[in-house]
Amino acid sequence: MSAVQGKPIDLHYWPTPNGWKITIMLEETGLPYNVIPVNIGKGDQFKPEFLAISPNNRMPAIVDPDGPDGKPISVFESGAILQYLGRKTGQFYPTDERGRVAVDEWLFWQMGGFGPMLGQTHHFRIYAPEKVPYAIDRYTNEANRLYGVLNRRLEGRDYICDDYSIADMACVGWARGWERQGQDIKQFPNVGRWLETMLARPAVQRGLKVAEELRNPAGISTPEEKAVLFGQKAR
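Residue numbers (my numbering): 5 to 239.
1. What number of angstroms, rounded off, separates the C-alpha of residue 76 from the C-alpha of residue 173?
2. Under DSSP, the beta strand (DSSP E) around residue 86 begins and ends at which residues?
3. Using DSSP with H/G/I as helix, E/B as strand and the rest coil, what is residue 15?
4. In terms of residues, what are the limits of the alpha helix (DSSP H) holding residue 132?
5. Let me make sure I understand the geometry here. Which of 187, 59, 43 and 164 has the alpha-carbon closest to that of residue 114?
6. Please classify residue 236: does DSSP put it in a helix, a strand, or coil?
7. Let me check understanding here. Comparing Cα to Cα, which of 182, 50 and 99 lies closest to residue 236?
8. State the Cα-Cα distance for the pair residue 159 and residue 34, rounded to the nearest angstrom.
9. How should residue 157 be labelled, buried or exposed, when 16 other C-beta atoms within 10 angstroms of its C-beta is the threshold for buried?
10. Three or more C-beta pairs under 8 Å: does that hold for the region 61 to 69 against the region 198 to 217?
11. Write down the C-beta distance between residue 170 and residue 212 rounded to the nearest angstrom, noting that I regard them as a contact closer than 8 Å.
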């Protein structure tokens, strides 16, 4: 695919760790994009026009008007979007098979573990209406285990797969929340060093600030927001 971009990419987004993955990648590559807010606390993710491009009712999602063969394409799931943009631009995603496998391993590690488990840690430590000690311990301990995995991986490496890649972009938004996850970053010095390196990158800084004014400093605070986000069933 060509890295030349005519019309901007539409990014359906809310400022969360999953949304930041894509704003960071777009800022790093320099691709033009429009932000279309998806207010997850108000239920925008269930609107028919959004479900048409993201059937799992989760943001982020993109619509690229300059997709394969010059035709529009929509992509949902943050990991798939990162891979797509990496192939499109030829940046931050290796073209050799061994390099790509390594990046895919750690991208999928984030998608399957580092994101979901840290998200559950947030839920039971911060948002759950009642404090359940078993659940808090279970997910705080699992978060600790995952930080340990990442710390070992970063031993002697500047970035997760040696060269800066979409694997790093996928992890940084979650890792910067270590304190609210009940972790001590001093226990994981390699992660701490990597996090400082990541947060010093101008494109990462810009990506983390995209639409930050939309984010409620109090987090998910109202009963209505909690009902939308934590009471979902099949529709």
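Yeah, the Cβ is synthetic: ideal placement off N, Cα and C, and Gly gets one too.
From the atom records:
1. Between residue 76 and residue 173, the C-alpha separation is close to 25 Å.
2. For residue 86, there is no enclosing beta strand (DSSP E); the residue is part of the alpha helix (DSSP H) that begins and ends at 82 to 93.
3. Look at residue 15 here: in three-state DSSP terms it is strand.
4. Counting along the chain, no alpha helix (DSSP H) covers residue 132, and no H or E run does either.
5. Closest by alpha carbon: 164.
6. Correct three-state label for residue 236: coil.
7. Comparing Cα positions, the closest option is 50.
8. Cα to Cα, the separation comes out at about 30 Å.
9. With 16 or more neighbouring CB atoms inside 10 Å of its own CB, residue 157 falls in the buried class.
10. Touching, no.
11. Not really, about 16 Å apart at Cβ, beyond 8 Å.
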